[in-house]
Each structure stands twice: as C-alpha cells, then as structure tokens.
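Below you'll find the structure, written out as structure tokens, and then a few comments.
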Amino acid sequence: MGRFPARLLLLALAGPCIAGKDLEMVRRVRGGALTTVCHYNEHKYLQSEKFWCKELSDLECRTIVQSSPTAGRNSLNSPDARVSLKDLEIGWISVSMTELRVEDSGIYWCGVSDHMKIIPLKKIKVAVSYEAPMRLSAKKGDSISLNCSYFMMDDSRRPNNFTWCKMITATRCQPVVSVEIDQIVNMRERTRIKLDRWNRVIIVTLVALQLRDSGEYHCETHLQGSTVLLKMITLNVLGLKRGKENTSKTRM
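Residue numbers (mature numbering (1 follows the signal peptide of the UniProt record, and there is no 0)): -19 to -1, 1 to 233.
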C-alpha cells in the first residue's frame, strides 16, 4: 500500500501521453465477464511491472492489480479476486474481470511501469448494465413503451433521479428527459418518463416516432455522483416503402 500514492502521482504526470490514447468501449451485463489484451514492446518492457487501474479523475488512477518479474507472470497482491492480470511474456498483457457489477463501470487503463515512468498502453471504458440490452423496431408514426428496472442498495445509496438519454458518440449519452425520485412523471416533447416506485420500474414512452429517433438509448440513474447504466436499448424506426406509400395515397 505504500506505493499506491506514488502510482497516482506518476499517472498524473503521464497526463499528456494518456490524453492521446484512443478510448475503447466495452459493454457488458452484470454477472458477466470481460477479457482484454494490451500490447507492449517486449524488447523494452519484458522485465517491467504491468498494471491495471481504474480512473478516479483526470489526474488519478487507482491500481487494481499488477504483476512484476519477481512474482512471475500472474497477478501480484490483487485485493479483488474477480480481477486477474497475466503477462504472456510475448509482448501482451491479458486482463480478466469476472462477476461484473454495475459499480465496475468506469474508465480503466492497462500499462507498464518502468524505472518510475508510466507507459499507458490502452484506455477502456467499461459500461456494466443492470439489465440485458434490448432491440426494438417500430414504424414511423407509431408509439412505443418500454420498462427499465432499477435497484435500491440501501438508504444511503438511493437513486435521486433517472434519465433517458441517446448516445451521440461512442462515449457520450445526451439526456432526452429525466425524472426525480419524488416527481413520478415528466415529459419532454414526444418522450415521457414515468416512475413506478412500487415495482421499481421506469416506464419510457415515445410517441409519433420519426426516422431520426433511431439509435442507441440508455436508462441511467445516479448514485453518489456516479452514473449507473440500467439498460441499453437499440431502436430502429422503419419508414414506409415508397410503393406502399403511393398505394395508400391513391386509395385516398
């Protein structure tokens, strides 16, 4: 534990290198698992320490598991038995996380620590949803309703609000409508969100669907400053075929 604060500082100093790394998106459902591999220069860093950490802020990353040559290729002193790191010694690190929880969501890094220098290898955003993803199709002009379940950890970790948002980039979800825990229902333009506290369900209704409504949506809540993904929904709005549209106009 004595080395942990230094690790945070070194990651902060490596900020310019970190900022240039591409972000990889990984989506999973709670209870699932993920495995990722990270490549390093085996000629330079074969004998260096490898690590897997979770980003706390733009300047800090908490080490979850690490390996070192003195401990062999496997994880060293991992406090979480669900996480393992293996140095394959051929220029690749393998990291596995099992029995995923919604609170495992966040941004992770794998990297190399060499002579007090941090070399970031890969940046990964992990989104663990409470429910399995859903795919929906509907025709233009139709209305649809769907449910998202939520959970209550305890009185100190009660969700304050719920948000229905649409993914506009690989990592950014733009809010469409939100509802407070004591508000019950809210509506914005063609989207309504309703809270059923008895059954712990959020009911989202979209009316007069348009082709531009197609895309990926998230049901999200917020606990102690962190965003929790409840469900991912992919919506495909289908337009009328030209032949059918012309036929209906002729009949009218």
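Backbone N, C-alpha and C fix where the C-beta goes; we use that ideal spot for every residue, glycine too.
For residue i, the three-state DSSP class (helix, strand or coil)
i      : result
Lys121 : coil
Leu66  : strand
Leu40  : coil
Leu210 : strand
Leu219 : strand
Val166 : strand
Glu5   : strand
Glu112 : coil
Arg139 : coil
Leu27  : coil
Leu190 : coil
Phe32  : strand
Contacting residues, own chain, Cβ-Cβ under 6 Å from residue i (five flanking each side not counted)
i      : result
Pro114 : Met213
Lys103 : Cys19, Cys91
Glu197 : Met148, Thr215
Val185 : Leu127, Trp145, Ile174
Leu15  : Val7, Arg9, Met78
Glu5   : Ile105
Thr208 : Glu201
Gln155 : Cys146, Lys147, Ile149
Proximal residues to residue i (C-beta, below 7 Å), its chain only, five neighbours per side dropped
i      : result
Pro140 : Tyr131, Ile162, Thr202, His203, Leu204
Asn167 : Val158, Ser159, Val160, Ile174
Buried or exposed by the 16-neighbour rule on C-beta atoms within 10 Å, applied to residue i
i      : result
Ser38  : exposed
Arg153 : exposed
Leu221 : exposed
Val46  : buried
Asp123 : exposed
Start and end residues, beta strand (DSSP E) containing residue i
i      : result
Tyr89  : 87 to 95
Tyr198 : 196 to 204
Glu161 : 154 to 161
Trp73  : 73 to 78
Proximal residues to residue i (C-beta, below 8 Å), its chain only, five neighbours per side dropped
i      : result
Asn217 : Arg116, Leu117, Ser118, Ala119, Ser195
Leu210 : Val83, Ser86, Ala108, Val109, Ser110, Tyr111, His199, Cys200, Glu201
Residue i: CB within 7 Å of a non-hydrogen atom of the ligand NAD
i     : result
Ser65 : This structure lacks the ligand NAD, and indeed carries no ligand of any kind.
Sub-8 Å separation of residue i and residue j beta-carbons
i           : j      : result
Asn128      : Val182 : yes
Ile71       : Glu23  : yes
Ala189      : Arg171 : yes
residue 245 : Lys121 : Outside the modelled stretch of the chain, which goes from -19 to 233, sits residue 245, for which no answer is possible.
Leu66       : Gly12  : no
Ile88       : Tyr21  : no
Host alpha helix (DSSP H) of residue i (start-end)
i     : result
Glu84 : Where Glu84 is concerned, there is no enclosing alpha helix (DSSP H), given that its DSSP letter is neither H nor E.
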